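Below is one structure; the comments refer to it alone.
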Amino acid sequence: MRIAPEFEPWSQRVDLYQLTTEKGWPGFAIKHQSSVQERSIIEMSFFGRGSGSANPPASQGNFDAAATELEMVSDLFNRLVRSCHTKCIGNRYSEADLNKGESICIDRCVDKFFKVNTKVGERIQAKGASAQAQALPS
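Quick note on UniProt numbering: the sequence shown kicks off at 1 and runs consecutively.
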């Protein structure tokens, strides 16, 4: 179910969907329509948080975690929109729709943004794991 019909001038390429995860928990996904293929870029569960139970308890902690996740994803999305809009779309709008150059630029910018974001996340996890391994007594 689509819950946010538009974001910025290139809304036909980025959509926010409400979903239910495989464990039945509510969540959402941001999807970007690339010229090559549709990719699910972000999918987050509001109540998952690594819990193995099929029916997670609805506690204040879960709602706080959900609010934090939503805030983080909203921030990520807003940074993406701001960055790619600034780089790819001029200050003067001469047409209602994106032209071919703007569309290609947006596709590349979004792709690059998420690739870099993924690499940074992997490096942070690797550094955290190595720091944790060093902290454990031998």
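Think of the CB as a built atom: it goes at the ideal place given N, C-alpha and C, for glycine as much as any other residue. As the structure is a computational prediction, the values presented were derived from the model and not from experiment.
Item, Value
"Do the stretch 76 to 90 and the stretch 98 to 114 touch if we need at least three Cβ pairs shorter than 8 Å?", "yes"
"Run through DSSP, which three-state label would E98 get?", "According to the sequence provided, residue 98 is Leu. The question's Glu does not apply to it. Of the three classes helix, strand and coil, the one that applies to L98 here is coil, per DSSP."
"Just how far apart, CA to CA, sit K127 and S94?", "47 Å"
"Along the alpha helix (DSSP H) that carries L80, what are the first and last residues, could you check?", "60 to 88"
"So which of Q60, S130, M72, D64 has the shortest CA-CA distance to N117?", "M72"
"Please report the straight-line C-alpha distance between K100 and R108, rounded to a whole angstrom.", "12 Å"
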